[in-house]
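Chains as they are written, first to last, in the numbering used here: chain E, 1 to 570; chain W, 571 to 700; chain V, 701 to 946; chain B, 947 to 1064. For every residue, glycine included, the Cβ atom is placed at its ideal position computed from N, Cα and C. The structure appears right after this line, and notes come after that.
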Amino acid sequence: MDFESYDVLVVGGGLAGIRAAIAAVEANPNVRVGMVSKVYPMRSHTVSAEGGAAAALGPGDSFETHAFDTIKGSDYLADQDVVEAFVREAPVEIIQMEHWGCPWSRNPDGTIAVRPFGGMSTWRTCFAADKTGFHMLHAVFQTSLKYPQIIRHDEAFVTKLLIEDSRCVGVVALDIKTGRFDAITAKSVILATGGVGRVYAFTTNGNICTGDGMALAYRAGAGLKDMEMVQFHPTGLPFTGILITEAVRGEGGYLLNKDGERFLKRYVPNKMELGPRDIISRAMVTEFEEGRGFEGPHGKYMHLDVRHLGEKVIDRKLPFMRELGREYVGIDIVKEPIPVRPVQHYEMGGVDANISGETEILGLYAAGECANVGLNGGNRLGSNSLPECLVFGAAAGRAAAHYAATAKPATANPVDAMLWDEARRVESDYLEKKGGNERIGPIREEMQHEMDAGAGVFRNKEGLSRLARNLGGLRERFEKVKVDDTSRTFNTEIIAALELDFMLEVASVIVFSGLAREESRGAHARRDFPERDDEHFLKHTVAYHTNTLAPRLEYRDVHITEYQPQARSY
Amino acid sequence: MNAEHRPRTAIDHLFFWFMFANGGVITALLMPVHVLVQGILGPLGVVPVVDQHYDTYANVIGNPLVKLYLLVLIGFAFFHFAHRLRYLLADFGVPAAKSLPAQVIFYGGAVVVILVTIWILLTTIPISFG
Amino acid sequence: MADKTITVRAARFDPEHDKEPRLQSYEVPFYDESMVVLDALNHIKNHIDGSLSYRWSCRMGICGSCGMMVNGTPKLTCNAFLRDYWPRPVVVQPLNNFPLIRDLVIDMDDFMHKLKSIKPWIIRKQELPLGAGEHRQTNEQIDDFRQFSECINCMLCYAACPIYGLNEEFLGPAATALARRYNLDSRDEGLKDRLPVVAEAEGIWECSFVGECSVVCPKGVDPAKAIQQTKLDTTMRFVLPYGNRE
Amino acid sequence: MPLNWWTRQRHYFLYMLREFTALPMALWLIWLLYEISGLRSGAHGYTPPRSGLFVAFSVVVLLFSLYHSYTFLKLAGVIMRIKVLDRQIPSRVIVFTMFGAWAVASAVIAFVLIWFAR
């Protein structure tokens, strides 16, 4: 067992995590930054973001419209002061990414080009063809290599936060390659572990998106905010759930039902394909229910048609979509429409954090998808999440470095004891457990299908209650899990068990938060409460860990500056 | 790769590669026609070829431009061959082919062939513009 | 269709128990034409044998985790379709040329060091202040380096490279391609810092242009070309009296 | 790495074949040098190349030599980056030019070898 010590420790090596690490170093070059990630940083799920990053860059744009679009898109659940700060920082961060080598697609004069995106009232989404996340992640990761102060622990899985006197002083991490438990202490810890899409079966998220940071913070006593707000992206490939970027619609693609009709005219007549994701996903499900979807071997679907754009535009702006269509569906999108259906994509909720990324636990910060700083509210607008990672990753990095400058280091003895306790717990729960008869795979699959069925695009009390009960049953079965793999070396089954443990925790927060929000707002669409209820629910849900599956829920006011809630129509 | 290690362009390898690449182009452009005409068509009597008679051959070889041409062809070609054969040996699992002694032997061999070529060209048929 | 199965023979190796890797056979249901080798591995892990270890994440060919040898060829398993192998068995092995950690998991730390050594970041003599906005760069200028920027670090090219297999000191395809990506970027001025690294004895000169790296690249990057072009450029800088950038 | 790695895949085998072309070509050029040096012993000592064995050897060398020319010129076309008026010349054009140069050079040399034999 080892004992590494840093000033700032970043958990997660995606866009937010790396941005935070660089920001910490640039805020104070004497800061030593550790970065723990369960995968090599360039594998992080940022890599799958396709469409682009929004920023009010151009002369035709303004901070006010970006802020208003975001707030309206959030169904007025966003904290407006946070949004206002965000839209001002986003262009700076986009330029910073450009200076770090991101190959942004350009206008003929060499400036950064923008494209239209859903819910945005003007063209403001910067893009690098249709691999924006990939290019941003690789640019920022490769840039991070020039800072000797950033020391990485690749392929190490954080199992627990070290809390001393209600202050976070580091983590316990399992080195996947060797199976060794390490205490990594730090004066401040930043969680940037990404989303939790893998609690669903049909998701665009990668295998690694298991909500680790959310569960870690939740168990350590921090609140999880607005977890019922789960985004469903309208256009995923049936069967695989691979994301077809919103940029396809941004560039002019049509969504067609089986009658060849652009059905969105009934739902978002003024925006059509450029409506926000929550509304379009609901429109698609409604059409399916009314019998106007195509029937396929993997359920109902719609057509996303880009044939009229022509081969030249497609190859210039959507080359990856053509590649995905060819390889995963066997179609050439230049000649055939793409089959799509709504797919879990993003968790608006996350660790309750303020505008600087500070959580309720001293010394603990959060940024990116695993955090909820109040930006996205009930529904995130497409292309706001990449700049969110940059803006709030950088903010958390700076704040954490600032705090670390004056904070005291952790004391060795309790840390050592906590490390031993945690290592013992994992070993007795999984490695040395006798007599278990449950397997991880089936429990996870059942949870995923339950979540698809009960906490999907539309919800109701009955479905959510059943889901809550079933999650309880799955938790009981999980206690009897037996792993096949007893090796210490690269034991991915233990990692899968720890991830499932985290996912069951976060899934129940999603469900109980959803049950309690008896209204429809943003992505949370209740069949039994179809209207928005500003009187009772213009509030953030904040969930706290208890000894039972059900969290303790608190409500907190939304920060409203100048945009009073209005009816949300497009 | 330790911290003290300062990377530096390997000029020797750069030179070997330069000679190899030029030799490759030269042999690619010129070899097949020599082999076809002098090795097959001439001996079979399909066409008359200079090297089928002493007089015609001597006449051509006496030309200084031809001597220069042959030196360039053979000189670059043997650097090309030396390089390829050295790497081929390494590909066959002989790491010693990448060592300094191997470099001396292979490229030194090419230099020897060049010196022999110069000697033969200078001692065979005096230079004449006839 | 429903009863169709495919045999997957996966390499197993646990350094705590095994001296040599061995192959283990599994029967996996093959119920959809768009199933990939990774789906078969996931079926094994979830339902047959939880101890099979391998890396994967995005299952859409962009994160670069799931590279393995599939019937002897380096492939992204999320992008290798069972329909191309059925009814013959699929043999899945760890990527060639790397130290083996476990089952299908290889040790790629060597690449991480090599990646860092080529200084894969924008180097400027004078940093442009953020307030000055973006560097001007046209799409045509991006086209100069675009393909080299598409590398996902999946390591298939290293697994395909016999030169790397014979000499692990060789800088190798992906790292050289990424060095070239930055050298060709109109915003970058780091050629002089990067060239000595790629033009060391164990750099580009080791390559004898087998070209298999470019064949196996799932993203259409042509590292073989990057290496040869770097040789040519480096040589020209020395041969021409005023060796310019290109 | 097993030493027979190059027998396991067609592409690797073709690569080794390409590298091997150097050996027969070298032998042929050594023979050429030997023939030239034969001129030193005067008209009586010079034996023109006519043997069947030599023709057979040359046929083999010609095949290797053609393979070398084809692969080398094609690959040279891939790696050369030539810009004219700020526009990249497509590698197809470069390869085409290379093969054109090959044809011209071959014609000139064949002409010299045959014309001066009269």
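Within the model, the alpha-carbon separation for E:Ala-67 versus V:Pro-721 is close to 57 Å. Bounds of the alpha helix (DSSP H) holding W:Thr-597 are 581 to 604. For the stretch 1016 to 1050 of chain B, the set of positions with a beta-carbon nearer than 7 Å to some beta-carbon of chain W reads Phe-1018, Leu-1019, Ala-1022, Ala-1047 and Trp-1048 in chain order. Taking the Cα of E:Thr-210 as reference, the smallest distance to any Cα among E:Cys-370, E:Leu-390 and E:Gly-357 is reached at E:Cys-370.
Linking E:Asn-379 to E:Gly-473 through their CA atoms gives a straight-line distance of about 30 Å. Looking at the DSSP output, V:Pro-829 sits in no beta bridge, so it has no partner there.
What V:Glu-727 touches in chain W, judged by beta-carbon distance under 7 Å, is nothing: the nearest beta carbon there is about 38 Å away. Among the CB atoms of chain V, none fall inside 9 Å of the CB of E:Asp-557. Contacts between W:Asn-629 and chain B, judged by CB atoms closer than 8 Å, involve Phe-1062 in chain order. Contact between E:Ala-468 and E:Leu-515 holds, since their C-beta atoms are separated by about 7 Å, short of 8 Å. The stretch 730 to 740 of chain V makes contact with the stretch 776 to 784 of chain V; the number of CB pairs closer than 8 Å reaches 3 or more.
If you draw a straight line from the Cα of E:Asp-130 to the Cα of E:Ala-53, it comes to about 11 Å. In the structure shown, E:Cys-168 falls within a strand segment according to DSSP collapsed to helix, strand and coil.
In the three-state scheme derived from DSSP, where H, G and I count as helix and E and B as strand, V:Cys-861 is classed as coil. The beta carbon of E:Ile-280 lies closer than 6 Å to those of Pro-234 in the same chain, with the five residues before and after it left out. Between E:Ala-395 and E:Ala-24 the beta-carbon gap is near 11 Å, outside 8 Å, which marks them as no contact. Following the DSSP letters along the chain, one finds V:Gln-837 in no beta strand (DSSP E), marked with neither H nor E. Look at E:Tyr-40: its C-beta is under 9 Å from a C-beta on chain V. Here the C-alpha atom of W:Ile-631 lies approximately 19 Å from the C-alpha atom of W:Pro-613. Sequence-distant Cβ neighbours of E:Leu-264 in its own chain, meaning closer than 7 Å and more than five residues away, are Leu-255, Met-272, Glu-273, Gly-275, Ile-280 and Ala-283. By DSSP's assignment, V:Met-769 forms a beta bridge with V:Pro-774 and V:Gln-793. Take E:Arg-32, set aside five residues on each side of it, and the residues of its chain with a beta-carbon closer than 6 Å to its own are Tyr-6, Asp-7 and Gln-149, in chain order. Secondary structure note for E:Glu-445: its alpha helix (DSSP H) is the uninterrupted segment 440 to 454.
Beta-bridge annotation (DSSP): V:Val-736 is paired with V:Phe-781. When 8 Å is used as the limit between beta carbons, W:His-650 is near these residues of chain B: Ala-968, in chain order. Rounded to the nearest whole angstrom, the CA to CA distance from E:Leu-161 to E:Arg-219 is 9 Å.
When DSSP states are grouped into helix, strand and coil, E:Met-42 belongs to the helix group.
At a cut-off of 9 Å between beta carbons, V:Ile-748 makes no contact with chain W. Sequence-distant Cβ neighbours of E:Glu-388 in its own chain, meaning closer than 6 Å and more than five residues away, are Leu-375.
Counting C-beta atoms within 10 angstroms of its own C-beta, E:Asp-212 has 16 or more neighbours from the protein chains shown and is therefore classed as buried.
In this structure, the alpha-carbon of E:Ser-520 lies about 26 Å from that of E:Ala-222.
Secondary structure at V:Ile-801: strand, using DSSP grouped into helix, strand and coil. Burial check for V:Val-910: the Cβ neighbour count within 10 Å reaches 16 or more, so the residue is buried. E:Pro-29 is the residue among E:Thr-193, E:Val-11 and E:Pro-29 whose C-alpha sits nearest the C-alpha of E:Ala-405. Separation of V:Leu-795 and V:Cys-766 (C-alpha to C-alpha, rounded to the nearest whole angstrom) is 10 Å.
Its Cα nearest to that of V:Arg-937, the residue V:Pro-896 stands out among V:Pro-918, V:Pro-896, V:Ala-924 and V:Ala-875.
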